[in-house]
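Peer 1:
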Amino acid sequence: MSDLTPEQLDEITADFEAGWSEHRLDAAEVRWGPGFAHVLPDDVRQALHRRALDEGLTDAELIERAVRAYLAA
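Residue 135 in our numbering is what sits at position 39 of the sequence shown, and the numbering runs on without skipping anything.
1. Please give me, in chain order, every unbroken run of the alpha helix (DSSP H) with length at least 4 that falls completely inside the stretch 134 to 169.
2. Let me check you understand the geometry: is the CB of Arg164 closer than 8 Å to at least one non-hydrogen atom of the ligand HEM?
3. Can you tell which of Gln104, Thr109, Ala169, Ala156 has the C-alpha that lies nearest to the C-alpha of His134?
4. Can you give me the start and stop residues for the alpha helix (DSSP H) that Thr109 sits inside?
5. For Leu158, count neighbouring C-beta atoms within 10 Å of its own C-beta (all shown protein chains included) and say buried if the count is 16 or more, exposed if not.
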């Protein structure tokens with residue numbers, strides 16, 4: 097069951113049916129989904145998750161910080 101109203105569903109449907117322009121696609125923000133860390137070896141994923149919890153971050157936030165620190169070095 098959806099929490100969306102019929103009007104919201106109609107709006108979403110119209111948006112999908114209209115398609116996205118090349119400009120809109122280029123401007124769209126790319127985000128990792130919640131399961132992206134599952135591509136990591138299990139031990140690394142578990143350590144990542146424990147560290148993120150310890151620091152009050154999401155897995156994605158911790159990975160972003162680590163990549164930024166790596167690239168800045």
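Beta carbons: idealized from backbone N, C-alpha and C, even for Gly.
Keep in mind it's a predicted model, so treat the numbers as computed, not measured.
Peer 2: The structure says:
1. Entirely contained in the stretch 134 to 169, the alpha helix (DSSP H) runs reaching 4 residues are, in chain order, 138 to 151, 155 to 168.
2. This structure lacks the ligand HEM, and indeed carries no ligand of any kind.
3. Here the closest residue by C-alpha is Ala156.
4. If you look at Thr109, you'll find it in the alpha helix (DSSP H) that goes 102 to 114.
5. Looking at its Cβ environment, which holds 16 or more other Cβ atoms inside 10 Å, Leu158 is buried.
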